[in-house]
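Protein sequences appear in the order of chains A and B.
At position 54 of the first sequence the residue is numbered 54 (my numbering), and the sequence of numbers has no breaks.
At position 3 of the second sequence the residue is numbered 1003 (my numbering), and the sequence of numbers has no breaks.
Some notes on the structure that comes next.
Protein chains: 2
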Amino acid sequence: MSIVVVGSVAFDTIETPGRRVDRALGGSATYFSVAASCFVPVGLVAVVGDDFLDDHRAVLVSRGIDLEGLAVVKGGKTFFWHGRYGLDPNERESIATELNVFENFRPELPSSYRDRKWIFLGNIDPEIQLEVLEQSSGESFIGCDTMNYWIDRKPEGLREVLKRTDMLFVNDEEARFLSGKSNLVKAGKEILKMGPRGVIVKKGEHGAFLLMDDFIFYAPAYPLEDVTDPTGAGDSFAGGFMGALAAAGEPKGETFRKAMVFATASASFTCQDFSIDGLKNLTREKLEERAGELAGLVAV
Amino acid sequence: MSIVVVGSVAFDTIETPGRRVDRALGGSATYFSVAASCFVPVGLVAVVGDDFLDDHRAVLVSRGIDLEGLAVVKGGKTFFWHGRYGLDPNERESIATELNVFENFRPELPSSYRDRKWIFLGNIDPEIQLEVLEQSSGESFIGCDTMNYWIDRKPEGLREVLKRTDMLFVNDEEARFLSGKSNLVKAGKEILKMGPRGVIVKKGEHGAFLLMDDFIFYAPAYPLEDVTDPTGAGDSFAGGFMGALAAAGEPKGETFRKAMVFATASASFTCQDFSIDGLKNLTREKLEERAGELAGLVAV
C-alpha cells in the first residue's frame, strides 16, 4: 500500500521575523512524502540538479522514501524558492522563485510505480498531471493539488485532471477562484460537479473541511500559539491524508474522517518548526497522540 | 433557572442584495432572549420608546420572555439601526445608528431578578454593566459581551467587569484588540489573565472556540450555503449558550461543550432568515436536531 507522489523538490530560503534558514530541503513533494512516510512507503517522482547532495538524499531515504523516480539533471540547478513571512504568519512574500530544472520537468513513473493504488499529483502544470495519469494503470485513487496560477492559465487541462481526480486539495482562495462562488460550501459543491469524488478546502488556522456528495466533515486546526514556519503545511496536510488513507486501505467515510484528523496533525507539526524539521522525526505514534488531542477539541 | 439579560432592544432596517426589511424588531437583548427562551424563561432588561407597540411586546411575551424590566420612555423613540450587507455577508455598512432612548439607559433590575443565577451583560458601556453587577446578588454566573468601541474608550471599566465575568463573548477582531495578540489562542490566554473564567472567541463562518484554564473546545459553524441576514448571529450565539447552560444547571466542562454546540445552532438559524424570523418559532427540539448534525460534522 505505498503511495506515489509527483511534484517539486526544492531548496527553500525562509525568513521569519525571528530567524532565517538558507537553502533548506523543501518543495511540495518533499513535504508530502515525509509526512506520508509516517504511514506507508512513498515513491517520489521529481527532478533535481546535481547540487542535490547525498545528505539531502539521505534525509528522504531515512524516511523510507524511494528515490527511483527522482531524476537528476547533470549541470542543472534544483528549484529554488526564497520567501519571507510577516509577524502574521499568514502574510507571505515571495522574494525569489527560480524554477531551474523544474521548468522542463516531464515526470516519468518507474515501471514498478505504474500500478500503485495511491497517487498524488502535486501542484504542477495540469498538462503534466495528465501525462502522469496516462502512465498509471487507471485503477488508482488520485489525490490532486493545484493553485490559482493553473486555474487561470490551464483551465482546460485542469478540467480534464479533475474528471479523473478522487480527492482535490485546495485552499479557500483557490476554491473560490475555481468555482466562482464566495460561500465555501457552495464553492465545494460546484467543484464536485467538475468531477472529483471529494474536495478538501483548507482554511489555514481555521482548519479544513472535506465535502463529498454524501457527507461533509470539519477538522479545526490544532490550536498552535506559535507558528514557526508555515511553509509546506498544505503539502504535509495532503501527505498525512493520503498516507493515513493508504494505511487504512479503503477509501470510505470513516477512513476519510480519520485521514482528515491525521492531515491536520501533520500540518501542525510542520508549522511548529522550520522547513521539514517538524516532520523529519515524526512518527505515526506522535500523530496518533495529536489526533487524539484533536478529537478531544471537538468531542461533545 | 431563568436568565436575566441586559442590553438593547431596537428597530433594525436591514438591506441585503436580495431584500430590505424596515424597522424590524432587533437589538442585542432581543436576539439573545429569543434564542435563550428555547431553553429557559428569560427576563429582559432594556429600554424602549413609546413607538414600541403591543405587537412587538407580544412577540417577546409569546416566547416566555418577562418584560418587567423593559422600561418605556414616554415621548421617546426606540434605538434605531440601519445596516446594509454586501454580496459577501461579512461586509456590513452601518447607514444610520440613532441611539434615542438607549443613550441614557440606566438599567434597573426588578427586585425579583436580583438573585437570578444567570445574568448576561449585553454589549453596553462597561460602567453600566458594573451598575448591573452592583444590583445583583453576586452569586450569579455572569456572561458578558463587549466591542472595540468600549475596549478603546472604557478600558478601566471593562477591566473591572472582566474581573467579575464568568464567560466573555468576543469575536476574533475584538479578541485581538483586547489582548494585543494576533494569534487567537494567545489572545484568549491573555484575556483569561484579565479575570474571566472562560472566553469564547467567535469567528463567524469559521466557528468559535471556548478557552478556559483547563480546556479548549472548538465548534465549527454550521455549513450554510446561503446566509440570508447575519444580524444578531453573535447575540443569538450567546443566548443559545447561556440558555443551554442554565437549562443544564451546572456550569462545567461537559455542559460548556454542549452549550457551544447549541450556541452554534442558534446562530445558524438566525442567519437563515431576516431579523429574528429564524428564531421566532425555534424550539429546543429543532436545536437538538441541528446540534446532532453539528456533532456529526466533526465526529471521527
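Beta carbons are placed, not taken as given, at the ideal position from N, Cα and C, and that holds for glycine.
Since His-82 (chain A) is in the beta strand (DSSP E), which residue starts that stretch and which ends it?
Note, His-82 (chain A): beta strand (DSSP E), 79–85.
Anything in chain B within Cβ reach of Ala-263 (chain A), meaning under 9 Å, just list it in chain order.
Near Ala-263 (chain A) there are no residues of chain B at all, since even the closest Cβ is about 12 Å away, more than 9 Å.
Going along chain B, which residues have a C-beta under 9 Å from Lys-186 (chain A)?
Going along chain B in sequence order, the residues near Lys-186 (chain A) (Cβ under 9 Å) are Glu-1225 and Asp-1226.
Please report the straight-line C-alpha distance between Leu-245 (chain A) and Glu-1225 (chain B), rounded to a whole angstrom.
Whole-angstrom Cα-Cα distance: 28 Å.
Any chance the region 1156–1164 of chain B sits against the region 1121–1141 of chain B, with 3 or more Cβ pairs inside 8 Å?
Yes: the two stretches touch, three or more of their Cβ pairs being nearer than 8 Å.
Might you give, ordered along the chain, the residues of its own chain that have their beta carbon closer than 7 Å to the beta carbon of Glu-1205 (chain B), omitting 5 neighbours on each side?
Here the set comprises Ala-1221.
Label Asp-172 (chain A) either buried or exposed according to how many other C-beta atoms from any shown protein chain fall within 10 Å of its C-beta, with 16 as the threshold for buried.
That one is buried.
For a test of the three-state rule: what should DSSP assign to Glu-108 (chain A), helix, strand or coil?
Reduced to three states, the DSSP call for Glu-108 (chain A) is coil.
Could you round the C-beta distance between Leu-1044 (chain B) and Asp-1066 (chain B) to whole angstroms and report it? I think they count as a contact, below 8 Å.
Leu-1044 (chain B) to Asp-1066 (chain B), Cβ: 7 Å. Contact.
Among B:Pro-1107, B:Val-1072 and B:Cys-1144, which has the Cα closest to the Cα of Val-1132 (chain B)?
The shortest Cα separation from Val-1132 (chain B) among B:Pro-1107, B:Val-1072 and B:Cys-1144 belongs to B:Pro-1107.
Helix or strand or just coil, what does DSSP make of Thr-1231 (chain B)?
In the structure shown, Thr-1231 (chain B) sits in coil (DSSP, three-state: anything other than H, G, I, E or B).
Assess contact between the region 1001–1013 of chain B and the region 264–278 of chain A, defined as three or more Cβ pairs (one per stretch) separated by less than 8 Å. Is contact present?
Contact fails: fewer than three Cβ-Cβ distances are below 8 Å.
Quick one: grab the DSSP three-state call for Leu-67 (chain A).
Three-state DSSP puts Leu-67 (chain A) in coil, outside helix and strand.
Of the choices A:Leu-192, A:Cys-144 and A:Pro-230, whose alpha-carbon is the least far from that of Thr-16 (chain A)?
Checking every option, the nearest Cα to that of Thr-16 (chain A) belongs to A:Pro-230.
Hey, would you say Arg-1019 (chain B) sits closer than 9 Å to Thr-1013 (chain B), going by beta carbons?
Result no, Cβ atoms of Arg-1019 (chain B) and Thr-1013 (chain B) do not sit closer than 9 Å.
Looking at Val-1005 (chain B): is its Cβ nearer than 9 Å to the Cβ of Gly-1239 (chain B)?
Yes; because the gap between Cβ atoms is below 9 Å, this pair is in contact.
Counting Cβ pairs closer than 8 Å, one from the region 1197–1204 of chain B and one from the region 279–299 of chain A, do we hit at least three?
Flag = no, the region 1197–1204 of chain B and the region 279–299 of chain A do not touch.
Since Phe-1120 (chain B) contacts Gly-1138 (chain B) with CB under 8 Å, what's their CB separation in whole angstroms?
Not confirmed; about 16 Å, so no contact.
Tell me whether the beta-carbon of Met-1167 (chain B) lies closer than 9 Å to the beta-carbon of Phe-1217 (chain B).
No, Cβ-Cβ distance for Met-1167 (chain B) and Phe-1217 (chain B) is not below 9 Å.
At 8 Å on the CB atoms, spell out the chain B contacts of Ile-142 (chain A), in chain order.
Within chain B, no residue comes near Ile-142 (chain A); the closest Cβ sits about 24 Å away, beyond 8 Å.
Roughly how far, in whole angstroms, is the beta-carbon of Val-1034 (chain B) from the beta-carbon of Lys-1280 (chain B), given that I think they are within contact range, below 8 Å?
Rounded, the Cβ-Cβ distance is 7 Å, consistent with contact.
If Ala-1096 (chain B) sits next to His-1082 (chain B), beta carbons under 8 Å apart, how far is it from one beta carbon to the other, in whole angstroms?
Right, their Cβ atoms sit about 4 Å apart.
From this set, A:Leu-162, A:Asp-213, A:Ser-94 and A:Arg-164, which residue's C-alpha is nearest Val-185 (chain A)'s C-alpha?
It is A:Asp-213.
Run through chain B and tell me which residues come within less than 9 Å of Lys-258 (chain A), C-beta to C-beta.
Residues of chain B passing the Cβ test: Val-1300.
Which chain B residues sit within Cβ distance under 8 Å of Pro-220 (chain A)?
Neighbours of Pro-220 (chain A) on chain B, chain order: Gly-1207, Phe-1209, Tyr-1218, Pro-1220 and Val-1298.
Can you name the start and end residues of the beta strand (DSSP E) that Glu-225 (chain A) belongs to?
Counting along the chain, Glu-225 (chain A) falls outside any beta strand (DSSP E), and DSSP gives it neither H nor E.
Is Gly-1069 (chain B) buried or exposed, if buried means 16 or more other CB atoms sit within 10 Å of its CB?
Answer is buried; the Cβ neighbour count reaches 16.
Identify every run of the beta strand (DSSP E) within the region 149–202 of chain A, keeping only runs that are complete inside it and at least 3 residues long; order them along the chain.
As far as the region 149–202 of chain A is concerned, its whole beta strand (DSSP E) runs of at least 3 residues are 167–171 and 198–202.
Could you check which residue in A:Thr-228, A:Val-227 and A:Phe-209 has the C-alpha nearest to that of Ala-1219 (chain B)?
The candidate whose alpha carbon is nearest that of Ala-1219 (chain B) is A:Phe-209.
In chain B, which residues lie less than 8 Å from Ala-295 (chain A) when you measure between Cβ atoms?
In chain order: Val-1300.
Residue range of the beta strand (DSSP E) that Ser-1266 (chain B) falls in?
From DSSP, Ser-1266 (chain B) is part of no beta strand (DSSP E) but of the alpha helix (DSSP H) over 1253–1271.
To the nearest angstrom, how far is the alpha carbon of Val-48 (chain A) from that of His-56 (chain A)?
Cα-Cα distance, rounded: 11 Å.
Would you mind telling me which residues of chain A sit closer than 7 Å to Lys-1203 (chain B), beta carbon to beta carbon, in chain order?
Chain A residues near Lys-1203 (chain B): His-206.
Please report the straight-line C-alpha distance between Asp-1235 (chain B) and Gly-292 (chain A), rounded to a whole angstrom.
When rounded, the distance between both Cα atoms is 32 Å.
Would you call Ala-1058 (chain B) buried or exposed, if buried means 16 or more other Cβ atoms sit within 10 Å of its Cβ?
Under this definition Ala-1058 (chain B) is an exposed residue.
Tell me which same chain residues have a C-beta within less than 7 Å of the C-beta of Gly-1076 (chain B), skipping the five on either side of it?
Correct list, in chain order: Gly-1049, Asp-1050, Asn-1100 and Val-1101.
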